[in-house]
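> From first to last, the protein sequence lines are chains A and B. Just so we're aligned: 271 in the working numbering is position 259 of the first sequence, and the numbers increase by one with no gaps anywhere. Just so we're aligned: 833 in the working numbering is position 7 of the second sequence, and the numbers increase by one with no gaps anywhere. Beta carbons: idealized from backbone N, C-alpha and C, even for Gly.
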Amino acid sequence: MTYRKDRRNFRENLYRQLFAILSFASLAFLLGITLTLFREGLPIFQHVSLPSFLFGKYWYPTHEPPEFGVLPLILASAMVTSGAMLVCIPLGLGTALYINELAGEKQRAVLKPLVEILASIPSVVYGFFGMAIFAPFLQNLLHLPTGLCALTASIILGVMAVPCVCSIAEDALSFVPRSFREASYALGANRWQTLVKVVVPAAGSGIFTAFLMGTGRVIGETMTVLMVAGGAAVIPRSFLQPVRPMSAAIAAEMGEAPVGSSHYHALFAIGLILFLITLGFSILAELLSRKFRAKLGGSL
Amino acid sequence: MKKHTFWKAAAVLLTAAGILFTAATTVASAEGKLVIQGSTTVLPIAQKAAEIFMKKNPHVNITVRGGGSGIGITSLLDGTCDIANSSRAVKITEIQKAQAKGLDLKPHVIAKDGIAVIVHPGNRVSGLNRKQIADIYTGKINSWSQVGGENIKIVVVSRDSASGTFEAFGELALGGAKVRPDALLQASNQAVASVVARTPGAIGYVGLGYLSDAVKAITVDGVEVTQANVLSGKYPLSRPLFMYTSGTPSGDVKNFLDFVMGIEGQKIVREEGFIPLK
Chain A
13 MTYRKDRRNF RENLYRQLFA ILSFASLAFL LGITLTLFRE GLPIFQHVSL
63 PSFLFGKYWY PTHEPPEFGV LPLILASAMV TSGAMLVCIP LGLGTALYIN
113 ELAGEKQRAV LKPLVEILAS IPSVVYGFFG MAIFAPFLQN LLHLPTGLCA
163 LTASIILGVM AVPCVCSIAE DALSFVPRSF REASYALGAN RWQTLVKVVV
213 PAAGSGIFTA FLMGTGRVIG ETMTVLMVAG GAAVIPRSFL QPVRPMSAAI
263 AAEMGEAPVG SSHYHALFAI GLILFLITLG FSILAELLSR KFRAKLGGSL
Chain B
827 MKKHTFWKAA AVLLTAAGIL FTAATTVASA EGKLVIQGST TVLPIAQKAA
877 EIFMKKNPHV NITVRGGGSG IGITSLLDGT CDIANSSRAV KITEIQKAQA
927 KGLDLKPHVI AKDGIAVIVH PGNRVSGLNR KQIADIYTGK INSWSQVGGE
977 NIKIVVVSRD SASGTFEAFG ELALGGAKVR PDALLQASNQ AVASVVARTP
1027 GAIGYVGLGY LSDAVKAITV DGVEVTQANV LSGKYPLSRP LFMYTSGTPS
1077 GDVKNFLDFV MGIEGQKIVR EEGFIPLK
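Okay, structure coming up:
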C-alpha cells in the first residue's frame, strides 16, 4: 500500500518538476536572447557614440568610412507604425464593437471566424499582395513615382493588426458586466448612448491595451515592410515616400554583414532598440489590463 | 521487451561507430587542409566549388571564409590562407608588401562579373554614359529629361548596401561615391528587376542572369551588355573575378583551381549568376 502511494507521489513530483522546467524554459530563452542582444549590440558604441548612433541622419553601414546613424530607420518605424494604427484602430475597434454589441447570433458566427482567418494569413502573403497588387494600384491612383512607400506599408500593416486589436478589444468589451448595460437602459438611455457613454468607457483601459498590443505587433513586423516600404534609408518627410523601418534593415542586411564586424554589431543594436520599444509597450499593456480587471472586479 | 533492448544496443553501437569513423576521417584529412578567404562576391562560387570538390576528394578539407578582397590578400601574404578570393586586381601597395616578404602573387581569373543597368521598358532612354549613371545614383540628376527622356522623376533602385552586387556597382559605376539616401534598397536582384518592371521612372542594376523582357537593359558608354562584351572587357561595368595564390600553385591548391576552371567549376559560376570563361 505504502509502496504504491510512494510511487504515486514520486510520479506526481516528477511531472511537477517536468512542467516546472518546461515553463521556466521560456524564461531561459528570454534571458538568453536579451543577453545576446546586449552582448552583440553594445560593441558598436566603441565605434560611434550613443547620440551619434541614435540621432545620426545617415545610414551607410558598408561605406568607407561607414556611417551608423539610425534616426532615419527609427523615424521610419515610428511613421509606418502610427500610420498603421490610424488604419487599424477604427477598423479593429469598430469590428469589436459590432461583433460584441450589435451583431446578431448568425452574423457573429460568421464574422468572428473571418477575422480570425485574417490573423492566420502569413505576413509574407500580405507582403506579396502589397507588392504585386496594392502598391501598383496606389501608384496609378495617386500618380506616385513608386507605390512602395510608407502609406502602402501603413495600410497593409494596419489591416494585418486588425485581428489582434479586435480580439483583445472584444475581450475587454465582454468583460463589462451585463448589469452596467441594464442599468443604463433602465435609466432610459438608448443603445448608442449606452455603448458610447457606458460600455466603451468601462472597457476603456482594456481597449487601450488592445491598441498597445497592436502597436507592438506592427512595430516588429518585418517581412511585409521589407517588401512594401521601399527600403530607402532617408528621414521620412511624407507618407508617399519610400522608407526603411528598423526591422526591414535588420532582415535585409544581417545575412551579408560579416560576423563580428561593426555593421553586424550595429544591426544587433537596432534589434536591441526594437526589443526595448516592444518590451515597453508590453509592460504598459500588462499594467493597464491589470488595472482594468481590478476596476471592473471591484465595482461588481 | 527483448526486441527493444536489441535495437537500443544496435543504436548505441552504431552511434559509437559513427563517432569513431568521423574522428578517424578528421585526423586523416588534417594534411589536406585548404583555407580560402576573401571577396564576398567570389564567396558563393568558392563555397559551392569547395563542397563538390570535397565530396569528390574526401581527403581534402576546405575552409571557405569571406571578409572582403583586402582581407583575403592580407591573409595570403601572412600565410593564414592558401587561396585569396578577390573581386579586383591586387593594388601596388599589396605587390610591394609581397615583394618585401619575398612572395610572388599569382592571379587566376576564374569568372567574369557583369552588371546590367535596367530601366522600365516604356522608357525612351536607351543608353547612358558612366558619368550620367553616377550622377543619377548620387542625386545630381533627378529627371529623365536631363538625359534625353521624358519629364518624369527618376526613381533610383539599388541593392542593399551589404551585397556583393552593390559593392561591384559602387566601384565600377560610382567610383566609390555614396548612393543617394532616398534610393529604394531591395534585398535581391529579382526584387530590383520586379520593382523596375513596375515603375515607369525607375532605374536599377542587376547581374546578367536577371535580365528579361519585363525590363530594358540600356547601353553603358554606348556598349551593349552581352556575354561577349563582358568577356572581352569592352562593357564598362564588368570585371574579372580572381583567386590569388602565393607562387605557382601545386598539390591540392592546383587541383582545386583546375576544378574551378574546369567544366564543373564553370557550371557553378553560371549557376551563381556570373559569366563563365568559356
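1) Can you check whether the CB of residue 160(A) is closer than 8 Å to the CB of residue 1010(B)?
2) Can you tell me which of the three DSSP states residue 28(A) falls into?
3) At 8 Å on the CB atoms, spell out the chain B contacts of residue 224(A), in chain order.
4) Going along the stretch 221-253 of chain A in order, which residues come within less than 9 Å of chain B, judged by CB to CB distance?
5) Expressed to the nearest angstrom, what Euclidean distance is found between the alpha-carbon atoms of residue 1090(B) and residue 55(A)?
6) Exposed or buried, which one is residue 253(A) when buried takes at least 16 other CB atoms within 10 Å?
7) Identify the contact partners of residue 893(B) in chain A, using a Cβ-Cβ distance below 7 Å as the criterion.
8) Which residues mark the beginning and the end of the alpha helix (DSSP H) in which residue 138(A) is found?
9) Using CA atoms only, rank isn't needed, just tell me which of 26(A), 24(A), 72(A) and 102(A) is closest to residue 1007(B).
10) In whole angstroms, what separates the C-alpha of residue 49(A) from that of residue 288(A)?
11) Looking at the unbroken beta strand (DSSP E) that takes in residue 148(A), where does it start and where does it end?
12) Measuring CB atoms only, is the stretch 172-184 of chain A touching the stretch 1048-1058 of chain B, in the sense that at least three cross pairs come out at less than 8 Å?
13) I want to see whether chain B comes within less than 8 Å of residue 110(A), judged by CB atoms only; does it?
14) Which value, in whole angstroms, describes the spacing of the CA atoms of residue 98(A) and residue 192(A)?
15) Between 271(A), 222(A) and 150(A), which lies nearest to residue 297(A) when the distance is taken from Cα to Cα?
16) Are the stretch 952-963 of chain B and the stretch 236-254 of chain A in contact at 8 Å, needing three or more beta carbon pairs?
17) Report back the beta-carbon spacing between residue 147(A) and residue 92(A) to the nearest angstrom; my notes put them in contact at under 8 Å.
18) At 7 Å on the CB atoms, spell out the chain A contacts of residue 1041(B), in chain order.
19) Can you find a CB in chain B that lies within less than 8 Å of the CB of residue 160(A)?
20) Please state whether DSSP places residue 849(B) in a helix, a strand or coil.
21) For residue 248(A), does the count of other Cβ atoms within 10 angstroms reach 16, so buried, or fall short, so exposed?
22) Just to confirm my understanding: we take residue 1001(B), look at its own chain, exclude 5 residues before and 5 after, and list those with CB closer than 8 Å. What are they?
23) Tell whether a beta-carbon distance below 8 Å holds between residue 1045(B) and residue 932(B).
24) Going by beta-carbon coordinates alone, are residue 215(A) and residue 187(A) separated by less than 8 Å?
25) In three-state terms, what does DSSP make of residue 933(B)?
26) Please state whether DSSP places residue 1096(B) in a helix, a strand or coil.
27) Can you give the beta carbon distance from residue 862(B) to residue 886(B), rounded, assuming they're within the 8 Å contact cut?
28) Just to make sure I have the definition right: I need the residues of chain B whose C-beta is within less than 8 Å of the C-beta of residue 4(A). Which are they?
29) Out of curiosity, what's the CA-to-CA distance linking residue 851(B) and residue 877(B)?
30) So which residues of chain A does residue 1027(B) contact, with C-beta pairs closer than 9 Å?
31) Of all the residues that make up the stretch 1001-1016 of chain B, which are near chain A by a beta-carbon distance shorter than 9 Å?
32) Closest to residue 251(A) by CA distance: which of 140(A), 20(A), 70(A) and 88(A) is it?
33) Under a Cβ-count criterion, where at least 16 other Cβ atoms within 10 Å of its own Cβ denotes burial, should residue 985(B) be classed as buried or exposed?
34) In angstroms with no decimal places, state the Cα-to-Cα distance between residue 1048(B) and residue 973(B).
35) Within a Cβ cutoff of 8 Å, which residues of the same chain sit near residue 244(A), ignoring the five residues on either side of it in sequence?
36) Going straight from the alpha carbon of residue 864(B) to that of residue 899(B), what length do you get?
Straight from the coordinates:
1) In contact: residue 1010(B) and residue 160(A) (Cβ atoms closer than 8 Å).
2) It is helical.
3) Listed along chain B, no residue sits closer than 8 Å to residue 224(A) by beta-carbon distance, the nearest being about 30 Å off.
4) Under the 9 Å Cβ criterion, the stretch 221-253 of chain A contributes 238, 239, 242, 243, 244, 245, 246, 247 and 253.
5) Computed Cα separation, rounded: 43 Å.
6) Under the 10 Å beta carbon count, residue 253(A) is surrounded by 16 or more other beta carbons and is classified as buried.
7) Going along chain A in sequence order, the residues near residue 893(B) (Cβ under 7 Å) are 270.
8) Where residue 138(A) is concerned, the enclosing alpha helix (DSSP H) stretches over 135-141.
9) Among 26(A), 24(A), 72(A) and 102(A), the Cα nearest to that of residue 1007(B) is on 72(A).
10) Between residue 49(A) and residue 288(A), the alpha-carbon positions lie close to 10 Å from each other.
11) Annotation: residue 148(A) is outside any beta strand (DSSP E); the continuous alpha helix (DSSP H) that includes it extends over 147-154.
12) No, because fewer than three Cβ pairs between the stretch 172-184 of chain A and the stretch 1048-1058 of chain B fall closer than 8 Å, the two stretches do not touch.
13) No, because no Cβ of chain B sits closer than 8 Å to the Cβ of residue 110(A).
14) When rounded, the distance between both Cα atoms is 30 Å.
15) For the set 271(A), 222(A) and 150(A), the Cα lying nearest the Cα of residue 297(A) is the one of 222(A).
16) With contact defined as three or more Cβ pairs closer than 8 Å, the stretch 952-963 of chain B and the stretch 236-254 of chain A are not in contact.
17) Wrong, their Cβ atoms sit about 14 Å apart, outside the cutoff.
18) Result: empty, since nearest Cβ-Cβ is about 15 Å, beyond 7 Å.
19) Answer yes: the Cβ-Cβ gap between residue 160(A) and chain B drops below 8 Å somewhere.
20) Per-residue confidence for residue 849(B) stands at a pLDDT of 46, beneath the threshold of 50, marking its modelled position as unreliable; no derived number is given.
21) A residue is called buried once 16 or more other Cβ atoms fall within 10 Å of its Cβ, and residue 248(A) is buried on that count.
22) 960, listed in sequence order.
23) Not closer than 8 Å, so no.
24) Yes, the Cβ-Cβ distance between residue 215(A) and residue 187(A) is below 8 Å.
25) In this structure, residue 933(B) counts as strand in the three-state DSSP scheme.
26) In the structure shown, residue 1096(B) sits in a helix (DSSP, three-state: H, G or I).
27) The Cβ separation is near 12 Å, so there is no contact.
28) Nothing can be reported for residue 4(A), as the shown portion of chain A is limited to 13 through 312.
29) Note that residue 851(B) has pLDDT 41, beneath the 50 cutoff, so the model's placement of it is unreliable and no number is given.
30) What residue 1027(B) touches in chain A: 157 and 158.
31) Listed by position, the residues of the stretch 1001-1016 of chain B near chain A (Cβ gap below 9 Å) are 1002, 1004, 1005, 1006, 1007, 1008, 1009, 1010, 1011, 1012 and 1013.
32) Closest by alpha carbon: 88(A).
33) In this structure residue 985(B) is buried. Its beta-carbon is surrounded by 16 or more other beta-carbon atoms within 10 angstroms.
34) Their backbone Cα atoms lie some 14 Å apart in a straight line.
35) Cβ within range, chain order: 253, 254, 255 and 256.
36) Going from the Cα of residue 864(B) to the Cα of residue 899(B) covers about 7 Å.
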